[in-house]
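**Q** For what it's worth, the UniProt record's numbering labels the leading residue of the sequence shown as 1, then goes sequentially. Virtual Cβ for every residue (Gly too), placed ideally from N, Cα, C. As the structure is a computational prediction, the values presented were derived from the model and not from experiment.
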Amino acid sequence: MRRIRNWERWGLAGLCLIIVAAIGLGWATHQRATTAQANTRTKVVFWHEMTGPAQQELLTLVKNFNHSQTKYEVVPEFEGNYNEAVQKIIDTHGTDASPAVFQSMDISTSQLHHTGYTTPVQKFIDEDHYPVQKIASGARAFYANKGVQLSMPFNTSQPVLYYNATLLKKYGITPPPVNPSYQDITRVATQLMTRSHKKVQGITVEIYGWLFEQFLANSGESLANREDGHAGTPTAVNFTGPAAVQTMQWIQTNLKRGSFVNYGAGANAVNNETASFLSGRLGMFLQSSATIGQLTKGNPDKLGITYYPHPDGQKANGVAIGGASLWISNDKTTHVQRGAWDFIKYLLTAKNQAAWQVATGYLALNKDSQKEPELQALYQKLPATKVPGEQLRAATPNNTNSGIFLQGLIQARILTQTAMEQIYQGSDPQKALATAQKSMNSYISNNNRSNGYS
1 MRRIRNWERW
11 GLAGLCLIIV
21 AAIGLGWATH
31 QRATTAQANT
41 RTKVVFWHEM
51 TGPAQQELLT
61 LVKNFNHSQT
71 KYEVVPEFEG
81 NYNEAVQKII
91 DTHGTDASPA
101 VFQSMDISTS
111 QLHHTGYTTP
121 VQKFIDEDHY
131 PVQKIASGAR
141 AFYANKGVQL
151 SMPFNTSQPV
161 LYYNATLLKK
171 YGITPPPVNP
181 SYQDITRVAT
191 QLMTRSHKKV
201 QGITVEIYGW
211 LFEQFLANSG
221 ESLANREDGH
231 AGTPTAVNFT
241 GPAAVQTMQW
251 IQTNLKRGSF
261 VNYGAGANAV
271 NNETASFLSG
281 RLGMFLQSSA
291 TIGQLTKGNP
301 DKLGITYYPH
311 PDGQKANGVA
321 IGGASLWISN
331 DKTTHVQRGA
341 WDFIKYLLTA
351 KNQAAWQVAT
361 GYLALNKDSQ
371 KEPELQALYQ
381 KLPATKVPGE
391 QLRAATPNNT
401 NSGIFLQGLI
411 QARILTQTAM
421 EQIYQGSDPQ
431 KALATAQKSM
441 NSYISNNNRS
451 NGYS
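Right under this line is the structure:
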């Protein structure tokens with residue numbers, strides 16, 4: 001074998017150095033180009049309140065948006081729970097610390113609108129001729145006022161009834177229909193209790209103001225006057241209408257009979273009812289559709305889902321959504337606001353909405369999402385997961401199922417939850433609701449006076 005001469009060795013070494021230097025120069029050039037590109041992007045600060053799997057999926061969507069174009073860089077920032085975020089949004093408006101786009105809970109809609117701190121997304125819808133009809137009308141209606149889209153729905157849920165289909169089959173019980181009445185629920189709950197010899201509880205209805213509102217919505221009864229605030233600033237609430245009283249009497253009667261059970265209110269109630277349901281000790285409960293993932297992961301029993309129950313002898317009016325929407329701050333430049341809108345549009349594409357539902361349990365709002373393979377695969381594996389979306393699309397939006405445009409809705413929920421707790425413990429439904437109504441009307445009167453509303 002021929003020996004390599006010294007000059008050849010030095011030649012090879014020199015060549016290697018040249019190659020390494022060239023690679024280094026190329027990498028440095030690439031890095032400078034990348035940095036320069038990043039520096040030319042307009043930053044769009046995005047405040048959100050997502051945690052767990054929803055946060056992970058949201059961060060993935062932000063990353064993908066940033067990679068999909070070169071104009072904007074969305075910077076996601078977690079801002080705690082919904083109540084904390086709303087206050088921060090109000091406190092920082094007009095400063096460098098405020099966000100360009102932010103997520104805010106459903107019941108803050110009226111509050112945020114009346115601050116005057118946001119640019120209604122209707123402006124961009126009109127400018128782009130954006131096909132907003134592709135976004136579920138029931139979800140859009142919640143965040144609109146007098147024909148103007150204030151914000152765009154994003155993480156959207158529906159209240160539904162869950163039942164253990166395996167358990168019902170074990171005891172020979174016909175499941176409730178997909179659109180059940182109170183009587184249908186009473187039948188199943190009673191049969192579960194009697195046929196299991198009280199080993200299985202029939203149903204629980206959490207003490208939760210949101211569920212109280214849904215009972216009224218599905219009956220077509222307004223909680224606040226002026227068409228639940230959609231026709232003007234409410235001056236009074238109505239907690240004592242026929243549907244409200246009838247529903248509370250229905251729950252109280254069945255609690256006394258033992259076919260319904262009271263798990264209380266708050267996080268403990270949700271955790272306990274979920275644990276009882278998964279262990280086969282509870283047959284049915286009412287909760288958000290966002291709970292689906294928790295109820296299907298590792299659950300050997302077949303999950304059943306129906307629409308929210310409606311009063312006997314009448315057609316369901318449809319329920320309101322839960323969750324949050326995306327708003328655009330008006331204290332940012334036109335260019336930044338445009339970037340915020342482009343980001344919102346990206347999140348609402350059919351593909352991204354399908355991925356969002358599969359990953360989180362929130363509903364895909366783009367109608368074309370139903371054709372996406374990822375969502376079709378979910379439906380094939382778990383057919384019941386189609387039901388919440390079908391309920392949303394089945395309802396025709398009207399003023400009683402499109403949310404309550406009322407400032408102080410958190411206060412209303414506190415009061416109705418207090419009334420529900422009293423009723424569950426045996427108090428007269430009419431009197432308990434009347435007391436809550438009187439307190440809320442006083443609150444509204446003082447709030448309207450202080451804000452100069454008529």
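Going straight from the alpha carbon of PRO180 to that of TYR307, what length do you get?
**A** Counting from one through the sequence shown, the residue named residue 180 turns up at place 180. Counting from one through the sequence shown, the residue named residue 307 turns up at place 307. Looking at the two C-alpha atoms, the distance is approximately 7 Å.
**Q** Buried or exposed: VAL188, going by 16 or more other Cβ atoms within 10 Å of its Cβ?
**A** Position 188 of the sequence shown, counting from 1, holds the residue named residue 188. When all chains shown are included, VAL188 counts as buried.
**Q** Using the three-state DSSP reduction, which class does THR118 fall into: helix, strand or coil?
**A** What you label residue 118 is simply residue 118 of the sequence shown in a count that begins at 1. Correct three-state label for THR118: strand.
**Q** Can you tell me whether DSSP reads MET420 as helix, strand or coil?
**A** Taking the sequence shown and counting its residues from 1, one reaches residue 420 at position 420. The answer is helix: DSSP assigns MET420 an H, G or I state.
**Q** Can you name the start and end residues of the beta strand (DSSP E) that SER65 belongs to?
**A** In the sequence shown, counting from the first residue as 1, residue 65 sits at position 65. Checking the sequence shown, residue 65 turns out to be Phe, not Ser. Segment 52–68 is the alpha helix (DSSP H) holding PHE65; no beta strand (DSSP E) there.
**Q** Name the two residues that bound the continuous beta strand (DSSP E) containing LEU365.
**A** For the purposes of this step, residue 365 is taken as the residue at position 365 of the sequence shown. Element bounds for LEU365: n/a, residue is neither H nor E.
**Q** Spatial neighbours of ALA434 within its chain, please: C-beta separation below 7 Å, excluding the five flanking residues on both sides.
**A** The residue given as residue 434 occupies position 434 in the sequence shown. Exclusion of the five residues before and after ALA434 leaves THR240 as the residues of its chain whose Cβ lies within less than 7 Å of its Cβ.
**Q** Is it buried or exposed, THR118, if we count other Cβ atoms within 10 angstroms and call 16 or more buried?
**A** Translated into the one-based positions of the sequence shown, residue 118 becomes position 118. Buried: at least 16 other Cβ atoms inside 10 Å.
**Q** Going by CA-CA distance only, name the one from SER157, ASN81 and ALA354 that's closest to GLN391.
**A** Counted from its first residue, the sequence shown places residue 391 at position 391. Ranking the options by Cα distance to GLN391, first place goes to SER157.
**Q** Taking C-beta to C-beta, are GLY229 and LEU406 nearer than 8 Å?
**A** Here the question's residue 229 lines up with position 229 in the sequence shown. Here the question's residue 406 lines up with position 406 in the sequence shown. Yes, the pair counts as a contact, with Cβ atoms nearer than the cut-off.
**Q** What do you get for ALA36, buried or exposed, if any count of 16 or more other CB atoms within 10 angstroms of its CB means buried?
**A** In the sequence shown, residue 36 corresponds to position 36, counting from 1. The predicted position of ALA36 is uncertain, since its pLDDT is 47 and thus under 50; a value taken from the coordinates is nonetheless stated next. Per the 10 Å Cβ criterion, exposed.
**Q** Quick one, are the C-beta atoms of THR400 and SER222 less than 8 Å apart?
**A** Residue mapping note: residue 400 aligns to position 400 of the sequence shown, counting from 1. Residue mapping note: residue 222 aligns to position 222 of the sequence shown, counting from 1. The answer is yes: Cβ separation under 8 Å.
**Q** Can the beta-carbon of ALA100 be found closer than 8 Å to that of ALA340?
**A** Position 100 of the sequence shown, counted from the start, is the residue given in the question as residue 100. Position 340 of the sequence shown, counted from the start, is the residue given in the question as residue 340. The criterion of a C-beta distance shorter than 8 Å is satisfied by ALA100 and ALA340.
**Q** Using the rule of at least 16 other Cβ atoms within 10 Å of the residue's Cβ for burial, across every protein chain shown, is PRO311 buried or exposed?
**A** By 1-based counting over the sequence shown, the position of residue 311 is 311. Residue environment: PRO311 is assigned as buried (16 or more neighbouring CB atoms within 10 Å of its CB, all protein chains considered).
**Q** Tell me whether ARG449 is buried or exposed, calling it buried when 16 or more other Cβ atoms sit within 10 Å of its Cβ.
**A** For the purposes of this step, residue 449 is taken as residue 449 along the sequence shown, with counting starting at 1. Flag for ARG449 reads exposed.
**Q** For GLU73 versus ARG41, is the C-beta distance shorter than 8 Å?
**A** Residue numbering aside, residue 73 sits at position 73 when the sequence shown is read from its first letter. Residue numbering aside, residue 41 sits at position 41 when the sequence shown is read from its first letter. At the C-beta level, GLU73 and ARG41 come within 8 Å of one another.
**Q** State the DSSP-derived secondary structure class of GLU374, mapped to helix, strand or coil.
**A** As a position in the sequence shown, residue 374 is number 374, starting the count at 1. DSSP places GLU374 in helix when its eight states are reduced to three.
**Q** How far does the alpha helix (DSSP H) with GLU84 in it reach, from first residue to last?
**A** Looking up residue 84 in the sequence shown gives position 84. Where GLU84 is concerned, the enclosing alpha helix (DSSP H) stretches over 82–92.
**Q** At what residues does the beta strand (DSSP E) containing ASN254 begin and finish?
**A** By 1-based counting over the sequence shown, the position of residue 254 is 254. Counting along the chain, ASN254 falls outside any beta strand (DSSP E), though it belongs to the alpha helix (DSSP H) covering 242–257.
**Q** Does the Cβ of ALA33 have 16 or more other Cβ atoms within 10 Å, making it buried, or fewer, making it exposed?
**A** Residue 33 sits at position 33 when you count from the first residue of the sequence shown. Note on ALA33: pLDDT 46, under 50, position unreliable in the model; no value is reported.
**Q** Output the distance between the C-alpha atoms of ILE328 and ALA85, rounded to the nearest integer angstrom.
**A** In the sequence shown, residue 328 corresponds to position 328, counting from 1. In the sequence shown, residue 85 corresponds to position 85, counting from 1. The alpha-carbon atoms of ILE328 and ALA85 are separated by roughly 14 Å.
**Q** Please identify the residue among LEU192, ASN238, GLY304 and ARG257 whose C-alpha is closest to the C-alpha of TYR171.
**A** Residue mapping note: residue 171 aligns to position 171 of the sequence shown, counting from 1. Looking at the Cα atoms, LEU192 is the closest of the given residues.
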